[in-house]
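Comments concern the structure below.
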Amino acid sequence: MGLGLELTGTNATWVFEDDRIEINYSSGLGHPRLLRKLKHRTIPYRAISRASSAGGDGNPQLTLHLRPGADPLTEVAAGQLSDDSEPHQIELEPNQQELAAYYADHINDHCDLNPDSDSPAAHFLVEVDQSPRRLKGYDGEATFDGSAVEFQWHPDASGAKHRSPKRRHELTELAGVEWVKPGLTSGHLLLLPRGERSDAPPADNIRSLLFGFGFGTTANSLPFAAAVLAAIQQAQPGAAAVGGSTDRLMLPAAPQRPEMSREDVLATIRELGQLHADGILTQEEFEQKKRELLDRL
Numbered sequence: 001m002g003l004g005l006e007l008t009g010t011n012a013t014w015v016f017e018d019d020r021i022e023i024n025y026s027s028g029l030g031h032p033r034l035l036r037k038l039k040h041r042t043i044p045y046r047a048i049s050r051a052s053s054a055g056g057d058g059n060p061q062l063t064l065h066l067r068p069g070a071d072p073l074t075e076v077a078a079g080q081l082s083d084d085s086e087p088h089q090i091e092l093e094p095n096q097q098e099l100a101a102y103y104a105d106h107i108n109d110h111c112d113l114n115p116d117s118d119s120p121a122a123h124f125l126v127e128v129d130q131s132p133r134r135l136k137g138y139d140g141e142a143t144f145d146g147s148a149v150e151f152q153w154h155p156d157a158s159g160a161k162h163r164s165p166k167r168r169h170e171l172t173e174l175a176g177v178e179w180v181k182p183g184l185t186s187g188h189l190l191l192l193p194r195g196e197r198s199d200a201p202p203a204d205n206i207r208s209l210l211f212g213f214g215f216g217t218t219a220n221s222l223p224f225a226a227a228v229l230a231a232i233q234q235a236q237p238g239a240a241a242v243g244g245s246t247d248r249l250m251l252p253a254a255p256q257r258p259e260m261s262r263e264d265v266l267a268t269i270r271e272l273g274q275l276h277a278d279g280i281l282t283q284e285e286f287e288q289k290k291r292e293l294l295d296r297l
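Numbering (full-length UniProt numbering), first residue to last: 1 to 297.
Below, the structure written as structure tokens:
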């Protein structure tokens with residue numbers, strides 16, 4: 001494949017270099033906020049397991065399937081992203097189905113040259129921005145300075161969080177990160193410690209920041225979580241050693257919804273009722289969320 005060959009889609013432009021694919025995301029307001037926030041990603045071929053094309057009746061799509069453990073962003077996302085926010089998928093025009101298949105074949109030719117393409121990566125191969133950053137949540141705020149994550153709790157955070165003297169969590173104390181996609185009244189960031197873990201629900205866990213009610217949006221919280229996860233791996237001795245036998249970071253097998261007490265469920269339903277009364281939620285949105293909450297009782 002020629003050096004610097006470009007494939008332009010409706011959501012991104014992919015530039016194919018000898019050893020990598022440079023992805024530049026479209027910046028228009030009609031595109032997902034996550035992709036606009038990411039702006040650009042570099043995907044080495046050695047991080048890719050395979051590529052596939054699809055699209056039949058709709059717009060054809062070309063998708064990269066990365067090796068497990070190769071990308072901190074997809075590791076943290078754990079399959080929770082919608083198709084339009086998928087960072088490794090480019091959408092083409094309706095008449096470009098053959099072009100999508102052509103590029104999929106060429107990417108797979110590169111993957112065939114890598115004997116480890118079907119194996120999990122021993123360490124992250126895709127770089128993420130690890131610059132200091134801040135994340136506002138529903139019950140507090142988290143800051144990441146490159147060596148630790150520190151929480152500052154809002155007045156309405158749980159008593160357990162306010163009573164704990166520990167607000168700063170060094171990367172060397174952590175084993176991984178759990179991210180549950182933010183919803184209207186759900187979602188969280190949870191730092192997974194080495195050794196014994198707390199059984200406290202996210203609302204009371206001193207290593208957890210709650211999302212919901214507009215706080216912790218995917219565009220802000222997912223890159224934050226990915227940056228922390230990548231830094232945790234780098235902070236572990238030997239984690240970045242090429243060809244080493246480093247264990248992968250411990251990640252949850254499947255994201256879990258935050259646990260809620262009966263009082264929390266009823267209080268949240270009352271808040272949703274007020275949002276419905278104010279015209280912010282439609283009747284259908286209110287009834288759907290109410291059913292979801294009642295299912296937790």
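Even for Gly, the Cβ is constructed at its ideal location relative to N, Cα and C.
Three-state secondary structure (DSSP) at residue i?
i, result
"G140", "strand"
"V242", "For V242, the predicted model reports a pLDDT of 24, less than 50, meaning its position is unreliable and no value from the coordinates is stated."
"G176", "strand"
"T42", "strand"
"G273", "helix"
"S85", "helix"
"I107", "helix"
"R167", "coil"
"P72", "helix"
"V149", "strand"
"E93", "coil"
"E284", "helix"
"L99", "helix"
"E127", "coil"
Label residue i either buried or exposed according to how many other C-beta atoms from any shown protein chain fall within 10 Å of its C-beta, with 16 as the threshold for buried.
i, result
"T172", "exposed"
"S245", "With a pLDDT of 29 at S245, under the threshold of 50, the predicted position of this residue should be treated as unreliable, and no value is reported."
"T10", "exposed"
"D247", "Bear in mind that a pLDDT of 41 at D247, under 50, signals an unreliable position, so the number given afterwards is only what the model happens to contain. Burial call: exposed."
"G279", "exposed"
"L178", "Note on residue identity: the sequence assigns Glu, not Leu, to residue 178. Label assigned to E178: buried."
"N220", "buried"
Got a sec? Which residues, its chain only, sit under 7 Å from residue i by beta carbon, not counting five neighbours each side?
i, result
"W153", "D139, G140, K161 and H162"
"S27", "R36"
"L192", "L174, A175, G176, V177, E178 and M250"
Taking the alpha-carbon of residue i as reference, which of the options has the nearest alpha-carbon?
i, options, result
"R167", "V180, F151 and V177", "F151"
"A226", "G195, Q97 and V149", "V149"
"L229", "G176, Y102, Q236 and L92", "G176"
"K136", "L222, C111 and D204", "L222"
"E98", "P201, P120, L266 and L7", "L7"
"G195", "S147, L174, F215 and Q89", "L174"
"R133", "A219, K39, E127 and G146", "G146"
"I21", "P32, D199 and T42", "T42"
"N59", "I269, L92, Q283 and N24", "L92"
"A47", "F124, S208, A78 and F144", "F124"
"P120", "F286, H65, V15 and I23", "H65"
"Q234", "S158, S208, P72 and I23", "P72"
"S52", "N108, Y25, R291 and K39", "N108"
"Q130", "N205, L189 and A231", "A231"
Would you list the one or two residues that DSSP bridges to residue i?
i, result
"S52", "T63"
"H188", "V180 and L210"
"Y25", "A12"
"F215", "G212"
Beta-carbon within less than 6 Å of residue i's beta-carbon, same chain only, minus the 5 sequence neighbours each way: which residues are those?
i, result
"F213", "Y138"
"A54", "Q61"
Please go through the same chain and pick out, in chain order, the residues whose beta-carbon is closer than 8 Å to the beta-carbon of residue i, but skip the five residues on each side of it.
i, result
"F286", "L272, G273, L275 and H276"
"P255", "Low local confidence applies: a pLDDT of 45 at P255 is under 50, so the model's placement there is unreliable, and no value is given."
"D264", "A203"
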